[in-house]
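Reading through the structure tokens given below for one structure.
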Amino acid sequence: MQKLSPQQALEKYWGYGTFRPLQKQAVDAVLAGRDALVVMPTGGGKSLCYQLPAACGIGLVLVISPLIALMDDQVAAVNEMGMKAGALHSQAGEAERRRVFAELNRGTLNLLYVSPERLVAGGILDIIRPHLGLFAVDEAHCVSHWGHEFRPEYRQLGPLFSEFSNIPRVALTATATPQVQQDISSQLGLRAPAELIGHPDRPNLVYRSFPRYDQGHQVLEAIRQHRGEGGIVYAQTRKEVDRLVKTLARAGVSCASYHAGLSAAQRAKAQDDFVHERLDVIVATIAFGMGIDRSNVRYVIHANTPRSIEHYQQESGRAGRDGAPAECVLFFSVGDLVTHKMLSFREEGISAARRRVIERQLSEIGRYAISPVCRHRLLSEHFGKPYPADAPAPSLAQPVDCGACDVCLGETQALPPEEAQLTAQKIISAVYRTESRFGAVYVTKLLLGAEDERIMANGHDNLRVFGLMKGTPEKALRAWIDQLIVQGHLAVTDGEYPLLQVTASGMNVCKGAETARLGHPVIRTAKKKSRKAVAELPSGPEETMFSNLRRLRLLIARKLALPPYMIFADSVLISMSALKPADADALRQIKGVGDAKRDRYGKAFLAVIAGADPDNIAEAFS
184 MQKLSPQQAL
194 EKYWGYGTFR
204 PLQKQAVDAV
214 LAGRDALVVM
224 PTGGGKSLCY
234 QLPAACGIGL
244 VLVISPLIAL
254 MDDQVAAVNE
264 MGMKAGALHS
274 QAGEAERRRV
284 FAELNRGTLN
294 LLYVSPERLV
304 AGGILDIIRP
314 HLGLFAVDEA
324 HCVSHWGHEF
334 RPEYRQLGPL
344 FSEFSNIPRV
354 ALTATATPQV
364 QQDISSQLGL
374 RAPAELIGHP
384 DRPNLVYRSF
394 PRYDQGHQVL
404 EAIRQHRGEG
414 GIVYAQTRKE
424 VDRLVKTLAR
434 AGVSCASYHA
444 GLSAAQRAKA
454 QDDFVHERLD
464 VIVATIAFGM
474 GIDRSNVRYV
484 IHANTPRSIE
494 HYQQESGRAG
504 RDGAPAECVL
514 FFSVGDLVTH
524 KMLSFREEGI
534 SAARRRVIER
544 QLSEIGRYAI
554 SPVCRHRLLS
564 EHFGKPYPAD
574 APAPSLAQPV
584 DCGACDVCLG
594 ETQALPPEEA
604 QLTAQKIISA
614 VYRTESRFGA
624 VYVTKLLLGA
634 EDERIMANGH
644 DNLRVFGLMK
654 GTPEKALRAW
664 IDQLIVQGHL
674 AVTDGEYPLL
684 QVTASGMNVC
694 KGAETARLGH
704 PVIRTAKKKS
714 RKAVAELPSG
724 PEETMFSNLR
734 RLRLLIARKL
744 ALPPYMIFAD
754 SVLISMSALK
764 PADADALRQI
774 KGVGDAKRDR
784 YGKAFLAVIA
794 GADPDNIAEA
804 FS
């Protein structure tokens, strides 16, 4: 393959004239033989940082990736661009293995994808040694004990790399706190790496976090805001996944389950149907996580609270990878945090240090979910970056209006400080006066003055706190109890029937020595539009053209057994709809149209732009 400069390779294979932030620095570093640590948000273009050096003639790029589905998707995408890639894993067929080894022997393979387990097992490095030009470790946070998806095999990569001192290494991840970044560099033996740390904010995403009170109803209502669009729903357990699928299917939503209780064939079909746009919605446990690579996901809904902010950033980041507006909704319940803690602590041989990490992570995601503070700011500052990006330093004291979260859109509001403090004191007092022997449901009924048999039998209808918050919406009261738990003013016991307890901090709130902050959702008749969601998707005649081009893309993709986004991303179709190129040269000027895709698909898309019927053009495509 002819050696190209980074700019030439970018234009030829990717069809772009300019690099995204930090991509050029990463490419230049590895081409100069230097190690690099790259932290970019999902959708920021991490894969280009190791794929483009292959196009520039660095030699074979060995990509260590944690998921088979992720490998196969990237291999197909690279081959579609006109380069040569392959993967070696347990599900690769014999014909594919022969092709990969034949390309390796000829020295014509640009990228080889393997799992860390397959690499550690031995045999591959000796075969590829003559051609090797770069080690690329994708999802590198898996190497860190402090990360959210630790994989022990990743820890064995550093010693393997040490045998190849002349080969540069690049580690890439979307989610790494400063502590995890240091651990990645240390464990992989990165040598004075170029540290390219992007801003974690995703400006095209609208974040919303609300108390959960009716999981099925709330998830369905959120999906109805996105009729006909692709979305992912995450749930905590298999039972919740299957229950949600039944609820959504009864309401006419095209959806499927994805979890470990299904056979490999069932999971593969669900993922394939979703990626190929035969399904609108996939409902999954977090096992689905990193494996999804459909760029035009318009929304991600967490029906349960994830295990950490890192998990949330990774999973919600599956939305809007094409750069177009997308929504991320979290339905929070403190019960999810209790379940996560209980399941995590059951792991055999879990260390005290690991327990502390888990507790800290659960506390952090809880604070994110309940704080009446800009969600973009909370996420950015968790990863050590100010928000907005040009702010001098992180400071929650400075007001900010992102225009793209429930708080800044006025959908969630903080109670006035005096009202919040008085409300907190009433709730904490009810827990204290019932001697911390009851759960949140009982305390809620007590404060509302409910005529409950247990309350009467215990004589608690005679307490001063009985009916103290009569008239308060039950949903709001339950949400405030969760918020007090997250803030540490109340605690929840372990066990099958969690009980509320007053903490030392809670006693201080009652004495006025500490303050509590409470927020509540504002009931709206119609969802307020985000500033970031206006005028970015086609409308009018362009919308018709965009629909026709999407139809053509879908039909061709089905014919070729490819995910539609591998032909052209939505952003490319949006540009085609607006610019209406009349010939191949004009089409090639659109960002995202490289030489190989212009040559293969250009004639068909130009015909539809000129007014041809997409079904007829797709039928004739070969």
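Our numbering numbers the first residue of the sequence shown as 184 and each following residue consecutively. Positions of the beta carbon are idealized from the N, C-alpha and C atoms, including for glycine.
Going by the beta-carbon positions, is the gap between residue i and residue j smaller than 8 Å?
i, j, result
"L598", "G689", "no"
"I367", "L317", "no"
"L756", "R733", "yes"
"S534", "R504", "no"
"A405", "T488", "no"
"L667", "I611", "yes"
"Q208", "L388", "no"
"Y396", "R558", "no"
"L431", "V464", "yes"
"A219", "V326", "no"
"A319", "Y233", "yes"
"L355", "K229", "yes"
"H314", "L340", "no"
"A357", "P236", "no"
"P361", "Y337", "no"
"G381", "V583", "no"
"V458", "P746", "yes"
"L253", "L302", "no"
"I251", "Q274", "yes"
Among the options, which one has its Cα closest to the Cα of residue i?
i, options, result
"E679", "G413, P342, G622 and T655", "G622"
"G226", "A486, Q206 and Q339", "Q206"
"V416", "R733, A451 and I469", "I469"
"A507", "R741, E277, R481 and Q596", "R481"
"Q596", "L745, F347 and P555", "P555"
"R741", "D456, S437 and V583", "D456"
"V402", "V428, K422 and H382", "V428"
"Q544", "Y390, A744, V483 and F566", "F566"
"A613", "H643, C588 and V648", "V648"
"P249", "L651, A270, D211 and R736", "A270"
"V751", "P189, S188, W197 and Q191", "First, the amino acid is wrong: residue 751 is Phe here, not Val. Residue W197 is the option with its Cα nearest to F751."
"V624", "C588, A587, L651 and D665", "D665"
"A502", "P386, V303 and A453", "P386"
"N731", "N799, V705, N645 and E547", "N799"
"A486", "I492, Q496, L462 and C511", "C511"
"S805", "V791, L735 and I739", "I739"
"E194", "I311, K786 and I773", "I773"
"Y495", "A275, H400, E531 and P383", "P383"
"V466", "T420, A509 and I492", "T420"
"L735", "K568, L789, P571 and D644", "L789"
"Q257", "R334, D321 and E542", "D321"
"V705", "G414, L646 and F393", "F393"
Going by DSSP, which residues form a beta bridge with residue i?
i, result
"A439", "I465"
"F515", "P394"
"F318", "L245 and R352"
"I485", "The sequence as given places His at residue 485; Ile does not occur at that position. Y417 and L513, per the DSSP bridge assignment."
"G808", "Look at the range of the chain in this structure, 184 to 805, and you will see that residue 808 is not part of it."
"D269", "Inspection of the sequence shows that residue 269 is occupied by Gly rather than by Asp. DSSP output for G269 lists L295 as bridge partner(s)."
"I380", "V222"
"L388", "A509"
"L683", "V675"
"C693", "For C693, which the question treats as bridged, DSSP gives no partner whatsoever."
"C588", "Y390"
"V480", "G413"
Name the two residues that bound the continuous beta strand (DSSP E) containing residue i.
i, result
"Q670", "Counting along the chain, Q670 falls outside any beta strand (DSSP E), and DSSP gives it neither H nor E."
Along the chain, where does the alpha helix (DSSP H) that runs through residue i open and close?
i, result
"T727", "P724 to L743"
"Q208", "Q206 to L214"
"A343", "Residue identity check: residue 343 is Leu in the sequence provided, not Ala. L343 -> alpha helix (DSSP H) spans L340 to F344."
"Q365", "P361 to Q370"
"Y625", "A623 to L631"
"C232", "L231 to A238"
"A761", "D753 to L762"
"G549", "A535 to I553"
"Q191", "P189 to A192"
"R781", "D778 to I792"
| said: If contact is defined by three or more beta carbon pairs under 8 Å, each pair taking one atom from either stretch, is the segment 625–639 in contact with the segment 362–380? | reply: They do not touch, by the three-pair rule.
| message | Pairs of beta-carbons, one from the segment 256–265 and one from the segment 771–779, closer than 8 Å: are there three or more? | response | Yes, they touch.
| task | Decide if the segment 509–527 is in contact with the segment 232–246; the criterion is three or more beta carbon pairs, one per stretch, under 8 Å apart. | result | With contact defined as three or more Cβ pairs closer than 8 Å, the segment 509–527 and the segment 232–246 are not in contact.
| request: State whether the segment 601–610 contacts the segment 653–673, with contact taken as three or more CB pairs (one from each stretch) at a distance under 8 Å. | output: Result yes; three or more Cβ-Cβ pairs closer than 8 Å.
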